[in-house]
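Worksheet for the structure shown next.
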Amino acid sequence: MSTVLSFPTAKIRSVLDGYDKVLQKAMPLKAAHKRDLPYAVADLSRMLTNERGGMRANYWATPRSLSAYLRFFLPWNLYRLSWLLPQLHIPLKNGDTVLDLGSGPLTFVQALWLSRPDLRNKDLTFICTDVAKKPMEHGRRIFEAMAGVEPGKGPWKIKLVRETLEKSLRNSYGKMALVTGANVLNELSASRGQTMEDRFYELAYNMASACKEDGSILFVEPGTRLGGKIIGLTRAGLLEEGYLPQAPCPHEVECPMLDRNATGWCHFNMTADHAPMWLRDLTQRARMNRKNVSLSFLLASKAHPEYAENVRVLSDPVIIPGRKQKARYACSHKGIALLHEAENFESGSLVDVEWQDNPRKDAKTGALEVFPKRR
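Residue numbers (this note's numbering): 142 to 516.
Here's what the structure looks like:
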């Protein structure tokens, strides 16, 4: 694929523009709670930033935090995913079952319906699992309001299961066409005496075991340093199980971002300028500055992609002393590359390049210097 991100279509943006009305229909908010919403959003943001692990069940328990999550974090997550999901090859067919881990308010299910109209009429079953059932129930009501379907009707069958991530995977052995999750892996922690590497290698084994022979695995995490590392560790574990990166990686060798000397991480940025006006207004009233949104992700399966001599753009443009055009850092099968003449390429672009026999190294980062292939 030439890029992993695409500007959301007019139809997607139209649904997001009206999503506040969908929320109000499914989860009515009283006037007093509306006035408090920006403060609730700011408080929840601080809580999520300062604490990791064990949070998922706790912040669903208070109506104030629940409302803040559903009206702020959920729509921002849908906006991020609406840039990504249209570009991915997700080969779902009638009769397939999807396991959605750590579903929360059914973020992935909502995003898939929003972003992939080609899948809306397929006979699909979604097994949505989480340790807390309340957010999933709210999410199902919101989904039904957005999709305009009566409860329990429509081609998508949604089953809510309250259980741990590990139990969900064990109970799904060899059944799933897709194992997926959005913003869930970053909430996991290693057991006592267990390294992060061991934790995610074990998880990758269980993910692979839950898939059918032709199944796929897709996880999307926040575009933070932690999110990027977790995606890299999951990728390494899946490679051990014979699952190859379909996106975003342009290769199947070791992830260069896991090198202890790596200064960056794998993530992709999108402008926040095209998010719904009501959401940007709420963001501003919560005194939160959001010019960009970002994500880290991995799509893997046993299919063998045709990797070529190209690089995947990761960074924003950077100024290189002595050069007129800006460069961008990118991922390649040879490691991190510094792609010159890259100012016009977007984050996530796949670029054909010309490798030199002995490429120069960037003095600052050690990245291999490379240029786009001349046409």
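Ideal Cβ placement from N, Cα and C applies to all residues, glycine included. Keep in mind that this is a model prediction, so the values were computed, not measured.
Closest Cα partner of residue i within the set the options
i: N235; options: V459, L385 and T266; result: T266
i: A288; options: S313, N312 and I153; result: I153
i: M317; options: S357, E382, L329 and V182; result: S357
i: G369; options: P458, Y210, D400 and N347; result: D400
i: L326; options: F284, G245 and V394; result: G245
i: A183; options: T424, S223, D414 and H174; result: T424
i: R261; options: Q251, T270, I372 and Y314; result: Q251
i: L222; options: E381, F438, S473 and S488; result: F438
i: S206; options: R187, E362 and W217; result: R187
i: P227; options: P216, R257, A416 and G405; result: R257
i: L211; options: A508, V239, A403 and P276; result: P276
i: P232; options: S330, E304, G322 and K353; result: K353
i: R311; options: C396, L374 and S350; result: S350
i: V394; options: L225, R340 and A449; result: A449
CB of residue i within 9 angstroms of CB of residue j, strictly
i: K465; j: A483; result: no
i: D237; j: K263; result: yes
i: K298; j: Y384; result: no
i: V302; j: I268; result: yes
i: A202; j: L178; result: no
i: D161; j: W419; result: yes
i: L455; j: A471; result: yes
i: L480; j: F512; result: yes
i: P216; j: L253; result: no
i: V434; j: G364; result: yes
i: V163; j: A286; result: yes
i: F213; j: L170; result: no
i: W406; j: G378; result: no
i: P417; j: Y220; result: yes
i: S473; j: N499; result: no
i: A478; j: V494; result: yes
i: G476; j: L436; result: no
i: T321; j: F249; result: yes
i: P149; j: H415; result: yes
i: T144; j: G463; result: no
Bounding residues of the beta strand (DSSP E) (the contiguous stretch that carries residue i)
i: L385; result: L385 to A388
i: F512; result: L509 to P513
i: L476; result: Rather than Leu, the amino acid found at residue 476 in this sequence is Gly. G476 to L480 is the extent of the beta strand (DSSP E) around G476.
i: R333; result: Where R333 is concerned, there is no enclosing beta strand (DSSP E), given that its DSSP letter is neither H nor E.
i: N218; result: Premise fails: N218 lies in the alpha helix (DSSP H), L215 to L225, not in any beta strand (DSSP E).
i: S456; result: Here S456 belongs to no beta strand (DSSP E), and DSSP marks it neither H nor E.
i: M411; result: F409 to T412
i: F267; result: L265 to D271
i: L526; result: Here the chain has residues from 142 to 516 only, and residue 526 is not among them.
i: E495; result: L491 to E495
Residue i in three-state terms, based on DSSP
i: W254; result: helix
i: F341; result: helix
i: L157; result: helix
i: A318; result: strand
i: T190; result: helix
i: D237; result: coil
i: K175; result: helix
i: V436; result: Here residue 436 is Leu; the residue named in the question, Val, does not match the sequence. The answer is strand: DSSP assigns L436 an E or B state.
i: K294; result: coil
i: L242; result: strand
i: G195; result: Low confidence applies to G195: its pLDDT is 45, below 50, so where it sits in the model is not reliable, and the reading given next is rough at best. Of the three classes helix, strand and coil, the one that applies to G195 here is coil, per DSSP.
i: A449; result: coil
i: T248; result: helix
i: A441; result: strand
i: K502; result: strand
i: K152; result: helix
i: S143; result: coil
i: Q228; result: helix
i: V394; result: coil
i: D184; result: helix
i: A349; result: helix
i: R212; result: helix
i: L170; result: coil
i: H400; result: It is worth fixing the name first, because residue 400 is Asp in this sequence and not His. If DSSP states are grouped into helix, strand and coil, D400 belongs with coil.
Residue i: first and last residue of the uninterrupted alpha helix (DSSP H) it sits in
i: R469; result: Not the alpha helix (DSSP H): R469 falls in the beta strand (DSSP E), residues R469 to S473.
i: A167; result: Y160 to A167
i: E285; result: K275 to A288
i: I358; result: No alpha helix (DSSP H) contains I358, which is instead part of the beta strand (DSSP E) from C352 to P363.
i: W419; result: M418 to R426
i: I299; result: Counting along the chain, I299 falls outside any alpha helix (DSSP H), though it belongs to the beta strand (DSSP E) covering W297 to R303.
i: E307; result: L306 to R311
i: E381; result: R366 to E381
i: S206; result: P204 to A209
Cβ separation of residue i and residue j, assumed to be a contact under 8 angstroms, to the nearest whole Å
i: P391; j: R453; result: 5 angstroms
i: L146; j: E362; result: 15 angstroms between Cβ atoms; not a contact.
i: L247; j: G295; result: The pair is not a contact, with the Cβ atoms about 14 angstroms apart (cut-off 8 angstroms).
i: S330; j: T270; result: Their Cβ separation, rounded to whole angstroms, is 18 angstroms, which puts S330 and T270 out of contact at 8 angstroms.
i: N410; j: D457; result: 6 angstroms
Chain C within 9 angstroms of residue i, Cβ atoms only
i: L306; result: The structure shown contains no chain C; it is built from a single protein chain.
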